[in-house]
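Below: the structure, in structure tokens.
Numbering (this note's numbering), first residue to last: 9 to 192.
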């Protein structure tokens with residue numbers, strides 16, 4: 009294979025968290041640079057695709073993002089959505105402590121149970137734009153990320169796009185690194 013040939017990868021990632029933490033909004037911001045004020049709960053799962061080019065290694069990455077419903081009624085079928093998954097974003101809302109607690113008691117446990125041992129996961133504190141309503145301190149998020157061995161902790165604002173691209177890009181880089189892709 010010549011060095012100027014484009015390498016291609018397909019990665020399935022899941023976006024996990026309680027209802028209304030902003031999972032769909034994070035994906036929409038990343039894929040379309042858009043944000044919808046009105047909340048429409050995801051039913052079951054929503055699958056969104058985005059192609060990304062990583063110049064540094066001349067690679068095209070196709071991300072298949074599974075936006076999993078956070079509602080309790082989907083718990084029974086959720087496990088099948090993890091099949092083939094290599095990474096995940098564990099998302100909580102910085103203004104609702106119960107969504108933060110659910111990361112450890114539910115979402116992290118599900119991810120570890122159904123995804124390969126080498127699966128990459130990152131902790132995301134979303135709704136950074138609602139700083140005046142913040143309940144979960146940044147430091148608490150950092151500590152949890154450390155406790156669950158997340159590859160990274162980032163606070164984002166899906167509404168304004170703050171650190172959204174960085175979260176997804178860093179996740180992709182870490183997946184490539186774990187797969188021993190040369191040049192990363």
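By construction, the Cβ of each residue, glycine as well, lies at the ideal position given by its N, Cα and C atoms.
Please report the distance separating the alpha-carbon of residue 126 from that of residue 96. When rounded, the separation of the alpha-carbon atoms in residue 126 and residue 96 is 12 Å.
Meets three-Cβ-pair contact criterion under 8 Å: the region 157-169 and the region 127-147: yes
Considering only the beta carbon of each residue, do residue 75 and residue 21 sit closer than 8 Å? It is not a contact, given that the beta carbons lie outside the stated cut-off.
Under the three-state DSSP convention, the category residue 48 falls into: coil
Where residue 18 sits in the DSSP three-state scheme: It is a strand residue.
When you compare only the Cα positions, how much space is there between residue 172 and residue 37? 7 Å
Kindly confirm or deny that the region 95-113 and the region 24-32 touch, where touching means at least three C-beta pairs closer than 8 Å. yes
From residue 58 to residue 177, what does the alpha carbon distance come to, in whole angstroms? 12 Å
Mind checking residue 77: buried by the 16 CB within 10 Å criterion, or exposed? Of the other Cβ atoms in all chains shown, 16 or more fall within 10 Å of the Cβ of residue 77; this residue is therefore buried.
Do residue 87 and residue 122 count as a contact pair if the criterion is CB distance below 8 Å? yes
Contact set for residue 192: own chain, Cβ-Cβ below 7 Å, skip 5 residues either direction: 65, 181, 184 and 185
Considering only residues of the same chain and omitting the five flanking positions on each side of residue 9, which have a CB-CB separation below 8 Å? In this prediction, residue 9 has a pLDDT of 48, which is less than 50 and means its spatial position is unreliable; nothing more can be read from the coordinates.
Contact check, residue 130 vs residue 159 under 8 Å by CB: the rounded distance? Residue 130 to residue 159, Cβ: 5 Å. Contact.
Do you know offhand how far residue 72's Cα is from residue 139's? 31 Å
Under three-state DSSP, which class holds residue 127? For residue 127, the three-state secondary structure derived from DSSP is coil.
Looking only at its chain, what residues have a beta carbon closer than 7 Å to the beta carbon of residue 103, apart from the 5 residues adjacent to it on each side? 135, 138, 141, 142 and 143
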